[in-house]
Every structure is written in structure tokens, then in C-alpha cells.
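Accompanying notes for the structure given below.
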Amino acid sequence: MLGEGDSKTEPKAPGGRRTGGRGPERLGRRAGQRRRGEHDAAPRADFRGRRVPSARQAGAGPGRSARFSAPWRPTGAERPRRWPCGGGCSVGHCHPLVVQAAHEQNQVLNTNSRYLHDNIVDYAQRLSETLPEKLCVFYFLNSGSEANDLALRLARQYTGHWDVVVLDHAYHGHLSSLIDISPYKFRGLDGQKEWVHVAPLPDTYRGPYREDHPNPAVAYASEVKRVVSSVQEKGRKIAAFFAESLPSVGGQIIPPAGYFPEVAEHVRRAGGVFVADEIQVGFGRVGKHFWAFQLQGEDFVPDIVTMGKSIGNGHPVACVATTQAVARAFEATGVEYFNTFGGSPVSCAVGLAVLDVLEKEQLQAHAACVGSFLMELLGQQKAKHPIIGDIRGVGLFVGVDLIKDKATRTPATEEADYLVSRLKENYILLSTDGPGRNVLKFKPPMCFSLDNAQHVVAKLDAILTDMEEKMRSCETLRLQPEAALLSPPLGECALLLVLGDPELGSLPSAVAPSFQTFCL
Amino acid sequence: MCELYSKQDTLALRRKHIGPSCKVLYAADPIKIVRAQRQYMFDEKGERYLDCINNVAHVGHCHPEVVKAALKQMEVLNTNSRFLHDNIVEYAKRLAATLPEQLSVCYFTNSGAYHGHLSSLIEISPYKFRKGKDVKKEFVHVAPAPDIYRGKYRENHADPASAYADEVKKIIEEAQNRGRKIAAFIAESMQSCGGQIIPPAGYFQKVAEYVRGVGGVVIADEVQVGFGRVGKHFWSFQMHGKDFVPDIVTMGKPMGNGHPMACVVTTKEIAEAFSSSGMEYFNTYGGNPVSSAVGLAVLDVIENEDLQGNATRVGTYLTELLNRQKAKHTLIGDVRGVGLFVGIDLVKDRQKRTPATAEAQHVIYKMKENRVLLSADGPHRNVLKIKPPMCFTEEDAKFMVDQLDGVLTVLEEAIGAQTESVVPENTPCRTKGGPQERFGLETLGEEVKQKSLCS
């Protein structure tokens with residue numbers, strides 16, 4: 001059983017974050033903080049692994065005790081809670097260093113980016129050091145949706161093309177323009193626009209090419225190639241391929257390695273650009289790398305990257321990173337891009353503080369370690385509970401795919417819903433996603449601990465065991481002649497049983513009265 | 001004042017890493033602001049500037065009550081609106097209380113909508129799509145701005161409100177003849193980027209009648225002008241009379257005193273129609289406890305410090321001072337405004353009302369040297385716009401106008417214009433003396449760039 005890392009140093013308080021105006025004694029320097037003019041010299045995290053705390057620890061698995069400074073821990077009555085769905089509190093709710101940075105800057109200046117200020121340029125520089133070199137130009141905004149909307153504009157302006165290729169079940173935001181490129185949304189609303197083209201989700205568990213396929217990356221990428229070709233045959237032109245680096249709403253999907261580089265090739269050949277949506281998954285969540293797209297290979301570099309959610313630990317911040325070429329093409333429109341709140345001194349101070357915490361508390365390595373542990377525990381559960389069809393994940397981005405049937409992999413939607421409500425009763429917040437609403441999704445704050453992982457899995461185990469016992473008792477009842485006439489297939493029995501669970505309250509009227517007698 | 005980088009380095013880094021479409025003010029000589037309090041901003045040398053631009057810092061830069069409210073909540077909880085929380089409902093309740101009864105349902109977001117910088121909003125922002133290579137989309141129909149100074153129907157027209165509203169009616173009819181149907185009429189309650197335009201009384205009522213008559217709704221964009229800026233009312237659409245109630249109101253900018261927040265308020269009917277699509281509307285950050293706490297604090301300050309009253313008093317005083325300047329300087333074609341939302345329309349020729357674009361840019365740079373921050377807008381970028389933090393005082397107004405007087409005097413001397421009194425307000429403006437020479441900026445050795453600054 002793994003214990004927590006045994007380096008229990010508390011995170012050091014910073015000396016204040018670029019507040020200015022307070023005198024040198026308030027602008028204390030922390031170890032490693034740059035002094036004026038040293039911005040190029042001081043090492044920072046970079047995507048090649050130099051100076052990234054996790055670089056050597058990235059492979060830390062359950063068998064190795066990872067040394068890392070203890071993340072900030074809640075005290076007193078605060079219980080560890082997992083925040084299931086992209087609440088964006090990446091380094092932990094109400095992290096004191098982030099709060100302090102915001103507060104200090106709030107007291108001094110919070111205005112727009114039309115004035116020169118150190119925070120925005122410092123933040124841009126720090127971000128650039130985490131990315132491949134050519135992604136060095138930044139636009140700051142307030143929400144992931146705004147970021148994706150700008151990415152769309154950038155792509156169109158740069159390429160001169162209009163159409164977009166997206167993945168099935170993708171979700172890129174709630175603005176009109178983004179609903180248009182989010183099959184997850186448009187299928188329930190206005191339908192697919194003629195300039196939007198949908199490629200199959202590279203889901204090796206439930207998609208057309210599965211774990212037994214010799215090369216699913218190439219197979220799925222060929223689907224994109226096919227889509228691109230059919231677009232071109234219609235005389236249309238691709239501006240962009242948009243994809244979440246790890247599709248979340250699609251069901252916590254890990255695209256096979258090599259997929260993005262192949263897709264990028266097809267898209268770029270057609271004159272389009274590759275947009276990697278890192279809104280859910282960036283900032284070290286995947287453990288091994290700072291950005292999830294980096295899982296796809298060292299040589300793979302998107303043209304545009306969008307970031308949000310975890311970037312500000314809850315503060316409304318978002319960002320688009322792109323190349324000089326794309327930025328210049330956008331500038332050539334002659335229209336100014338102004339975002340009232342984007343890039344404000346407070347937002348940048350918050351963003352910088354989050355980067356600091358990620359670094360100081362080595363949360364990337366932590367994510368790798370805890371994530372591996374969590375996957376291992378879940379793997380054990382999979383062996384034990386047939387309802388678990390698949391466990392997939394990387395770092396602290398994990399999905400548990402619940403199924404009714406091993407052969408058909410039918411999503412166990414109602415069971416998943418029931419499980420989530422039972423977990424809530426056990427003070428664990430989790431939610432589901434995937435087109436079948438059957439994938440339990442784990443994307444907790446990055447300070448999620450080994451203990452937390454153990455606790456959650458233990459509860460999951462207990463609840464699943466309980467559910468299975470009830471199903472077995474249902475089977476026993478089915479041996480009765482009357483029950484035999486009524487008995488549905490096993491999966492449906494589980495459905496009716498789940499809906500009829502007395503802990504949930506009164507039964508839906510659809511349940512046959514005789515069944516109520518059996519199950520109550 | 002401690003900086004991380006020298007101003008030169010800051011600028012260099014900005015050029016390296018920030019999208020070049022993101023412009024700075026005073027591009028020829030940008031300023032680095034490191035601190036702000038109330039209506040003042042301070043540069044890296046500690047020089048103090050009077051801020052006449054930032055309506056976003058509605059109750060004053062870094063207001064301690066707002067800062068405190070944010071801190072208090074940030075230390076406790078900042079998460080999304082999928083959980084029940086008191087702040088969001090309390091804030092919605094307080095906001096709804098400022099509005100007519102039927103506007104009772106709130107959606108919280110993070111930023112406002114010229115109507116905005118998003119793709120969909122550029123499509124409905126002539127200010128943006130006319131500048132860029134984007135063309136007007138077929139679903140967008142543009143009505144003339146109800147500008148009684150420079151528009152089609154001016155102050156000497158018998159009923160400009162009806163005349164302008166009839167233009168909208170005409171457009172609606174044309175659209176319908178093409179088989180199209182109007183979903184909405186959207187307008188800033190007072191146009192800011194359009195040049196600090198105050199639509200004539202009665203305009204919105206008539207427009208609403210025409211639009212609703214064909215099944216459309218009226219959207220009042222209060223992103224720039226809400227929250228008591230007009231003084232007499234909390235919302236500027238209320239200036240048009242109790243009988244005008246939009247179907248949807250958008251608000252932003254001043255709501256959070258700089259904290260990213262915005263809101264859409266609408267009727268129960270519209271909200272229900274939206275939810276009947278079956279699709280959830282979720283905004284990760286919108287309505288979070290910190291934003292709501294900040295919003296509540298801003299409402300408290302507006303009330304406790306009687307900022308609406310201040311806007312009326314100081315706004316009236318400011319307008320009075322500016323009208324005296326108008327009598328003195330022929331460069332000033334029009335002074336218009338209400339509360340602390342004021343525009344000074346600079347012209348080369350009073351009769352023709354030719355926009356004095358280059359002069360406006362020059363004035364802005366000169367005012368900056370005199371430590372007053374102003375920006376220009378309007379389609380010709382010749383309208384000096386004043387929308388300062390609401391704690392702006394009469395002393396500030398006097399200071400600003402004195403500086404402006406000085407700058408205009410020098411400018412007019414340079415271009416040979418006469419600074420003499422003209423006939424009173426209510427007679428048509430006529431140019432005195434001969435035609436003005438074209439103002440040559442080169443002679444003053446200034447490099448200015450024409451740019452639109454809609455903030």
C-alpha cells in the first residue's frame with residue numbers, strides 16, 4: 001500500500017506577486033524568482049523536460065515512493081472532496097497562494113490590457129516556456145468558450161478557409177459558434193451545419209477500431225483523411241481540425257498515440273490548421289507532460305492551443321496560444337482584438353500563482369503518481385466487478401466505462417446514474433459523461449491524494465458489491481414460476497432494481513407492482 | 001515603484017508574446033500603469049493620471065469594499081453554479097430588484113457582448129464587420145444610428161425619434177419581403193462606440209412596437225452604460241420612459257468593478273422557451289460565488305456612496321463646463337451626455353460638421369501629457385468620450401475641462417481658428433470667418449495613429 005510522499009514541507013509563502021507600488025520590501029523574491037532582466041536566463045519548466053519537476057518522476061508508479069512536497073492540505077472541518085466536472089480548481093479549492101496573489105493584485109490595480117503592465121507579459125513568457133517554441137503568441141480571455149471562438153476566428157483568418165472538422169461527441173463551448181462545432185450540443189439543437197464535418201471519435205474501446213486493431217491511430221486518422229477528401233470533393237475548404245486533446249465529454253477518451261500527428265498531416269495538406277483544445281486537460285493533469293497534446297509525440301505541435309478552466313484555479317481566465325504566422329494573419333485584418341477583462345493584472349497574477357503552485361508542489365509528478373495508483377486500484381475493481389468494462393486514463397484524467405454486457409459493451413447508463421447518487425450519499429462527488437452517460441469521470445483537483453484515491457475506490461467497490469448482491473437476489477427470485485413470467489433479461493432487471501432502490505425514494509410508476517414486492 | 005521589467009522590456013516582451021491585434025492605448029507612446037485608486041491611475045514613475053475612460057472600474061479602481069468581498073469569498077469557496085449557493089441567488093434577486101418586474105431571470109457569464117468580440121457578435125456589430133474583411137451577413141440588417149447631431153435626422157427635425165424608428169420599420173418590411181423573419185432588435189441603450197449617441201426620446205418605444213409586431217424581441221445592451229451611470233436611473237434604457245421595457249437586457253463591464261462578470265436578464269417566457277430546447281446552458285465560471293460576492297459588493301457601494309446621485313451632480317456640472325467650452329472653441333461641434341456618460345464631438349467645420357479625426361487624436365495625446373486619460377470613438381473617431389469611474393468629482397471635472405481648454409486653445413491657434421463666442425445653443429451652428437485650414441499634424445511633429453478605442 002502506498003503512503004503519501006514523505007517530504008512534508010509546507011509550501012512556502014511567496015513574497016507577493018508583481019504587485020508594484022509597494023516598495024522593495026513587499027515584493028519579496030522567492031527562490032528562483034526572476035529579477036529584472038533575468039527573464040531569459042532563469043530556468044523554468046519547458047516542454048522538453050528540462051527543469052520540469054516531473055520529468056524524472058513522470059514514470060513514478062505505485063511501486064516507487066515519490067518524493068514531493070506535500071500539497072496544501074485542507075484543515076479542520078474541511079473534507080477532501082473530489083470535484084468531478086471541470087470546476088477548474090486545479091491546484092485545490094481556495095489555494096492560499098492563489099488567493100493571496102489575487103488579493104494583493106486586486107488592491108493595487110485591476111484594469112485592461114491596453115496599458116503596459118508586467119503581469120501580462122510575464123505570464124505570457126512563463127506560458128511560452130511550457131510550450132513548443134513556435135507557440136509563442138498569446139491572447140488572454142476569460143472563458144474556454146471565448147478561447148475556442150477566437151481560435152476559430154484565427155484559423156479562418158489564417159487559412160482563408162471556412163470549414164471545420166471535429167470529432168464526434170465533442171464539446172468546445174456554449175457560444176453559438178461553438179455549439180455549431182460541438183456534436184454533443186448541435187445534435188440536440190439546430191443540427192449539423194454544412195461547414196461542419198464530423199470524424200469518428202478515436203475511441204479504442206467503443207469505436208469502430210478497438211484495442212485488437214493493429215494500428216488504430218492510423219485507422220482513425222484515415223477516417224479524418226476520408227472526411228477531408230469528401231469536403232474537398234464538394235468544393236469546400238478546411239480551415240481547421242478541432243479536437244480536445246483528450247475528449248472528455250466523449251467519455252474520457254485517450255486517443256491512440258500517433259493519431260494527432262497523422263491527422264495534422266492530412267489537415268495541413270488540405271490547407272487547414274490543427275487546434276488542440278486543452279481546456280479540460282492542460283497544466284500538468286496528464287502527469288507525464290504539461291500539455292495533453294504532448295502525449296501524442298515530441299514532434300507533434302498544434303497550430304493553436306486553447307486553455308481554460310484549470311488555468312486560474314476558478315478565476316475566470318483563459319488563453320489562446322498560437323504561432324507568429326497565425327497571429328500576423330489575424331492582425332492583417334486591421335481589426336483590433338480587445339477583450340475588456342482578458343489579460344488583466346489580477347487574472348495574470350492568478351495565472352502566475354497557479355503556475356508557481358504547480359511547480360512548487362510538483363503537482364504534475366503528483367498527478368502521475370496518484371493517477372497511476374488510482375488506475376491500478378480501479379484495474380483491480382475491474383477484475384472484480386463485471387459492470388466495469390474499461391478503465392482508461394492518464395495522470396488525473398481517468399474514466400471508468402460501465403457496461404451492461406461484456407460482449408456488446410452496452411453502456412450501463414442507469415447504473416452509472418445510480419452509482420453517482422450513491423457516491424454522493426457517501427460524500428463523494430463524481431459525475432458521468434460519454435454519449436451513453438455511462439463513463440464515471442475523474443478530473444479532480446491536482447492535490448488529490450493517494451488516500452483520496454483509496455477512499456473513493458473503496459466506496460465504489462462497496463457500492464458495486466451491494467448492487468451486484470441485489471442483482472443476484474433478483475436472479476434467485478426469478479426461479480419462482482410467477483417471477484419467471486415477469487423476469488426481464490439480467491440487464492433490465494438491474495435497471496428496474498436500480499430505479500426501485502428504496503434509498504432513492506418512491507418507485508417510478510412504470511415498475512410493475514409485483515416487481516415491487518420482490519425488490520423492496 | 002517596483003517593477004519586474006523596465007518599461008522598454010515590458011514593451012519588448014509584449015511585442016514578442018502578445019497577439020499584435022491586441023492594441024495599446026497611445027500607440028505612439030504607450031503608458032505603463034502599475035497602480036490605480038478611485039479615479040486615478042499611476043504610471044511606473046508615480047505620475048498620476050485622471051482616468052476619464054474606465055467605466056469598468058465603476059465604483060473606483062481597487063475599491064476596498066469590493067476587494068474585501070472578493071477576498072472573503074475566495075478564501076472559502078469558488079466553484080461553479082451547478083451547486084446551490086446563496087451568493088448567486090442573492091445577487092440575482094438584487095439585480096432583479098433594480099429592473100422592471102418582468103425582467104426577472106438571470107444568466108451569469110463572464111464578459112459582455114460593441115456588441116462584442118465573439119464570432120457571432122462581430123456578425124451583428126457593424127463597427128467590427130465594416131472594418132474587417134468580414135462582410136455583412138444576410139441575417140443582419142443595419143438601421144441608421146439615431147444620431148441627431150450627425151445622422152440623417154438632426155436636432156432641427158420635427159420628430160427624429162419617429163423618423164429613425166420608421167427607418168427600422170422600413171428595414172423590417174424589407175426583410176419580411178425577402179421572406180425573412182426578425183428574431184431581435186439589439187442596440188446599446190446609449191451607443192458608445194457609435195460616438196456617445198443618446199437616442200431621442202420615444203425612439204425605443206416605437207422600435208419596440210415595430211419589432212414586437214413582427215414577432216421579434218428587443219435586446220437592450222447595457223454593457224457600457226448600466227448601473228447608475230446615467231444618474232437619474234439605474235439603467236439607461238429607463239431614460240426612455242416607464243413604458244419601454246426591453247425583453248432582454250445584457251450587462252457587463254461595470255458589474256464587477258474589473259472582475260470578469262456579465263449577465264443576461266430576461267423574462268420568464270423567454271427563459272422557458274430557451275430551456276425547452278432541452279439543452280443545458282452551463283458556463284463554467286458564470287455565477288460563481290466570488291463573482292456574485294463581488295457583484296453584490298458593487299451594488300452595495302453604488303447605494304452606500306450614492307454614486308447615482310454623484311453621477312447626476314457631477315455629470316450636470318461637467319456638461320455645463322463643456323458647453324461653455326463649446327461656446328469658446330469652434331472645434332467643439334456638439335456636447336452630449338447624461339450623467340457620467342458624455343461625448344464631445346470635434347468638428348473641422350461647424351456647419352458641415354466634418355469630423356475632426358486627426359485633431360481628436362492630437363487632443364488625446366496632449367491630454368495624456370497633461371495627465372488626463374481620454375479616448376475617442378464614433379465612426380470617425382472624433383468623439384472624445386468621457387465615462388470615468390463613478391466617484392469622479394466636480395474638482396476632477398474642472399481639472400479635465402481646464403486642461404482641455406488649454407489644449408484646444410493651443411490647437412486652434414496652431415490651425416488659425418478663431419476662439420470666440422458663437423451664438424447661443426438653440427440656433428443652428430454657423431462657421432464664423434473663413435474656412436478652416438486643414439490641420440497639418442506634421443507641423444507639430446506628432447506621430448499619431450488613427451485607431452478606434454472602444455472600451
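Residue numbers (UniProt numbering), protein chains in the order written: chain A, 1 to 520; chain B, 1 to 455. Note that beta-carbon positions come from the ideal geometry of N, C-alpha and C, so glycine has one too.
Query raised in the report: Which residues in the same chain as proline 389(B) place their Cβ atom closer than 8 Å to its Cβ, once the five residues preceding and following it in sequence are excluded?
Result: Taking the first residue of the second sequence as 1, we reach residue 389(B) at position 389. Within the same chain, proline 389(B) has close Cβ partners Arg38, Gln39, Asp51, Asn54, Asn55, Ala57, His58, Val59, Gly60, His61.
Report task. Per DSSP, which residues does valine 198(A) bridge with? Please list them. Result -> Locating residue 198(A) in the first sequence gives position 198, counting from the first residue. Per DSSP, Val166(A).
Requested in this report: Use the C-beta contact count for aspartate 159(B): other C-beta atoms within 10 angstroms, 16 or more gives buried, fewer gives exposed.
Outcome: Taking the second sequence and counting its residues from 1, one reaches residue 159(B) at position 159. By the neighbour-count rule (16 or more Cβ atoms within 10 Å), aspartate 159(B) is not buried but exposed.
Query raised in the report: Is the segment 284-295 of chain B touching the segment 138-147 of chain A, taking contact as three or more C-beta pairs under 8 Å?
Result: yes
Requested in this report: Please report the residue range of the alpha helix (DSSP H) in which glycine 379(A) lies.
Outcome: Residue 379(A) sits at position 379 when you count from the first residue of the first sequence. Run containing glycine 379(A): 363-384, per the alpha helix (DSSP H) assignment.
Requested in this report: Look at the Cβ atom of valine 320(A), then the Cβ atom of threonine 306(A), and state whether they are nearer than 9 Å.
Outcome: As a working mapping, residue 320(A) is identified with position 320 in the first sequence. As a working mapping, residue 306(A) is identified with position 306 in the first sequence. Going by C-beta atoms, valine 320(A) is nearer than 9 Å to threonine 306(A).
Report task. Check whether the Cβ of asparagine 370(B) lies closer than 9 Å to any Cβ atom in chain A. Result -> Along the second sequence, one-based indexing puts residue 370(B) at 370. False, the Cβ-Cβ gap to chain A never drops below 9 Å.
Query raised in the report: To the nearest angstrom, how far is it from the Cα of glutamate 129(A) to the Cα of cysteine 136(A)?
Result: Stepping through the first sequence from its first residue, residue 129(A) is reached at position 129. Stepping through the first sequence from its first residue, residue 136(A) is reached at position 136. So the alpha carbons of these two residues sit roughly 8 Å apart.
Query raised in the report: Do glutamate 90(B) and serine 292(B) come within 9 Å of each other at the CB atom, strictly closer than that value?
Result: In the second sequence, the residue the question calls residue 292(B) occupies position 292. In the second sequence, the residue the question calls residue 90(B) occupies position 90. For serine 292(B) and glutamate 90(B), yes; Cβs fall inside 9 Å.
**Report entry** Helix, strand or coil at aspartate 401(A) [DSSP, three-state]
**Finding:** Residue 401(A) sits at position 401 when you count from the first residue of the first sequence. Reduced to three states, the DSSP call for aspartate 401(A) is strand.
Requested in this report: Tell me whether the beta-carbon of lysine 32(B) lies closer than 9 Å to the beta-carbon of histidine 117(A).
Outcome: In the second sequence, the residue the question calls residue 32(B) occupies position 32. In the first sequence, the residue the question calls residue 117(A) occupies position 117. It is a contact, given that the beta carbons lie within the stated cut-off.
Query raised in the report: What is the rounded straight-line gap between the Cα of aspartate 9(B) and the Cα of glutamine 105(A)?
Result: To locate residue 9(B), count along the second sequence from 1; it is residue 9. To locate residue 105(A), count along the first sequence from 1; it is residue 105. Rounded to whole angstroms, aspartate 9(B) to glutamine 105(A) spans 21 Å at the Cα level.
**Report entry** Contact check, proline 100(B) vs valine 207(B), beta carbons under 9 Å
**Finding:** Within the second sequence, the letter at position 100 stands for residue 100(B). Within the second sequence, the letter at position 207 stands for residue 207(B). Not a contact, by the Cβ cut-off of 9 Å.
Query raised in the report: Does the beta carbon of histidine 329(B) sit closer than 9 Å to a beta carbon anywhere in chain A?
Result: Translated into positions along the second sequence, residue 329(B) becomes position 329. Not closer than 9 Å to any Cβ of chain A, the Cβ of histidine 329(B) fails to qualify, so no.
Requested in this report: Could you tell me which chain A residues have their CB closer than 9 Å to the CB of isoleucine 302(B), listed as they occur along the chain?
Outcome: The count along the second sequence starts at 1 and reaches residue 302(B) at position 302. Those within 9 Å of isoleucine 302(B) in chain A number zero; the least Cβ separation is about 18 Å.
Report task. Output, in sequence order along the chain, the residues in the segment 308-325 of chain A whose CB is closer than 7 Å to any CB in chain B. Result -> Lys309, Gly314, Pro316
Query raised in the report: Is it right to say arginine 472(A) is buried, meaning 16 or more other beta carbons lie within 10 angstroms of its own, or is it exposed?
Result: Indexing the first sequence from 1 puts residue 472(A) at position 472. Exposed, because fewer than 16 other Cβ atoms sit within 10 Å of the Cβ of arginine 472(A).
Query raised in the report: Going by Cα to Cα distance, which pick from Gln125(A), Leu429(A), Val335(A), His366(A) is closest to alanine 12(B)?
Result: On the second sequence, residue 12(B) is found 12 positions in, with the first residue counted as 1. It is Gln125(A) whose Cα lies nearest to the Cα of alanine 12(B).
Query - Nearest-angstrom Cα separation, counted from glycine 333(B) out to aspartate 349(B) - result: The sequence position of residue 349(B) within the second sequence is 349, counting from 1. The sequence position of residue 333(B) within the second sequence is 333, counting from 1. Those two C-alpha atoms are separated by around 8 Å.
Query raised in the report: Using 9 Å as the limit for Cβ to Cβ distance, is valine 400(A) near chain B?
Result: Taking the first residue of the first sequence as 1, we reach residue 400(A) at position 400. With 9 Å as the cut-off, valine 400(A) does not count as an interface residue toward chain B.
Query raised in the report: The alpha helix (DSSP H) spanning isoleucine 172(B) covers which residue range?
Result: Counted from its first residue, the second sequence places residue 172(B) at position 172. Where isoleucine 172(B) is concerned, the enclosing alpha helix (DSSP H) stretches over 160-177.
Requested in this report: Drop a sphere of 10 angstroms on the beta-carbon of threonine 408(A), count the other beta-carbons inside from all chains shown, and report buried for 16 or more, exposed for fewer.
Outcome: As a position in the first sequence, residue 408(A) is number 408, starting the count at 1. Exposed, by the Cβ-count rule.
Report task. Return the residues of the segment 175-188 of chain A that lie within a Cβ-Cβ distance of less than 7 Å from chain C, sorted by chain order. Result -> Here the protein chains are A and B, and chain C is not one of them.
Requested in this report: Compute the Euclidean distance between the alpha carbons of arginine 153(A) and leucine 460(A), then round it to the nearest angstrom.
Outcome: Sequence index remark: in the first sequence, residue 153(A) carries index 153 (1-based). Sequence index remark: in the first sequence, residue 460(A) carries index 460 (1-based). Cα-Cα distance, rounded: 44 Å.
Report task. Can you give me the start and stop residues for the beta strand (DSSP E) that leucine 440(A) sits inside? Result -> Translated into positions along the first sequence, residue 440(A) becomes position 440. Leucine 440(A) -> beta strand (DSSP E) spans 439-442.
Query - Beta-carbon proximity list for histidine 233(B), same chain, < 7 Å, skipping 5 on both sides - result: The residue given as residue 233(B) occupies position 233 in the second sequence. Excluding residues within five positions, the ones whose Cβ falls inside 7 Å are Met239.
Query raised in the report: Quick one: does the C-beta of leucine 373(B) sit closer than 8 Å to a heavy atom of the ligand ATP?
Result: Among the components modelled here there is no ligand, and therefore nothing to report on the ligand ATP.
Query raised in the report: Does DSSP put methionine 467(A) in a helix, in a strand, or in coil?
Result: Mapped onto the first sequence, residue 467(A) falls at position 467. Here methionine 467(A) sits in helix by DSSP.
Query - Cross-chain neighbours of leucine 152(A) in chain B, by beta carbon under 8 Å - result: Counted from its first residue, the first sequence places residue 152(A) at position 152. Within 8 Å Cβ-Cβ: Ser119.
**Report entry** Contacts of methionine 74(B) in chain A (Cβ-Cβ under 9 Å)
**Finding:** As a working note, residue 74(B) is residue 74 in the second sequence. Going along chain A in sequence order, the residues near methionine 74(B) (Cβ under 9 Å) are Cys94, Val98, Val99, Ala102, His103, Gly314, His315.
Query raised in the report: So, do the segment 296-306 of chain A and the segment 272-286 of chain A have three or more beta carbon pairs nearer to each other than 8 Å?
Result: yes
Query raised in the report: Cα separation between glycine 213(B) and arginine 180(B)?
Result: The sequence position of residue 213(B) within the second sequence is 213, counting from 1. The sequence position of residue 180(B) within the second sequence is 180, counting from 1. Looking at the two C-alpha atoms, the distance is approximately 14 Å.
**Report entry** Expected contact under 8 Å - CB spacing of threonine 250(B) and valine 223(B) to nearest Å
**Finding:** To locate residue 250(B), count along the second sequence from 1; it is residue 250. To locate residue 223(B), count along the second sequence from 1; it is residue 223. Between valine 223(B) and threonine 250(B) the Cβ distance is about 6 Å, and since that is below 8 Å, they are a contact.
Query raised in the report: In chain order, which beta strand (DSSP E) runs of at least 3 residues are fully inside the segment 346-415 of chain B?
Result: 375-377, 383-386
Requested in this report: With leucine 50(B) as the anchor, note down where its beta strand (DSSP E) starts and where it stops.
Outcome: Numbered from its first residue, the second sequence carries residue 50(B) at position 50. Start and end: 48-51.
Query raised in the report: Do lysine 387(B) and arginine 229(B) come within 9 Å of each other at the CB atom, strictly closer than that value?
Result: Here residue 229(B) refers to the residue found at position 229 of the second sequence. Here residue 387(B) refers to the residue found at position 387 of the second sequence. Against a cut-off of 9 Å, the Cβ pair of lysine 387(B) and arginine 229(B) comes out as a contact.
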